[in-house]
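See below for the structure under consideration.
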Amino acid sequence: MVAPGGEALGGVIGVARHMIQTEGFFSLYKGLVPSLISMAPSGAVFYGVYDILKMAYLHSPEGKKRVSMMKQQKQETNALDQLELGTVRTLLYGAIAG
Numbered sequence: 036m037v038a039p040g041g042e043a044l045g046g047v048i049g050v051a052r053h054m055i056q057t058e059g060f061f062s063l064y065k066g067l068v069p070s071l072i073s074m075a076p077s078g079a080v081f082y083g084v085y086d087i088l089k090m091a092y093l094h095s096p097e098g099k100k101r102v103s104m105m106k107q108q109k110q111e112t113n114a115l116d117q118l119e120l121g122t123v124r125t126l127l128y129g130a131i132a133g
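Numbered according to our numbering, the sequence shown terminates at residue 133, and the numbering increases by one at each position without gaps.
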């Protein structure tokens, strides 16, 4: 299907070929910089909030209890042990996140 006044280009490859021929190779990257600029702050906010929440958890009574239990068992604290949530919690967090 072609929009009125347009031409059929034959799919994704045809469109890419047409763009390169008419506008040059770098036309494929138009919009990349604004996209990256808009994504950078969200990543910074995500990891900033993650770090704050992690520190708050580790200083909470539940976090201190878990760390002391691991020290008693002579286990090292690593990322895999900290992320052990269980099936129901994982499904619940995924449902909330969307």
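Heads up, the beta-carbon is just placed ideally off N, CA and C, and yes, glycines get one too.
Does the distance from the CB of Leu67 to the CB of Met54 come in under 8 Å? no
According to DSSP, is Gln108 part of a helix, a strand, or is it coil? coil
Tell me whether Leu44 sits in a helix, a strand or coil according to DSSP, three-state version. coil
By DSSP, does Lys65 sit in helix, in strand, or in coil? coil
At the level of alpha carbons, what is the spacing between Ser70 and Pro76? 11 Å
What's the C-alpha gap between Met74 and Val80? 10 Å
How long is the line joining the alpha carbons of Ile131 and Val123, rounded to whole angstroms? 12 Å
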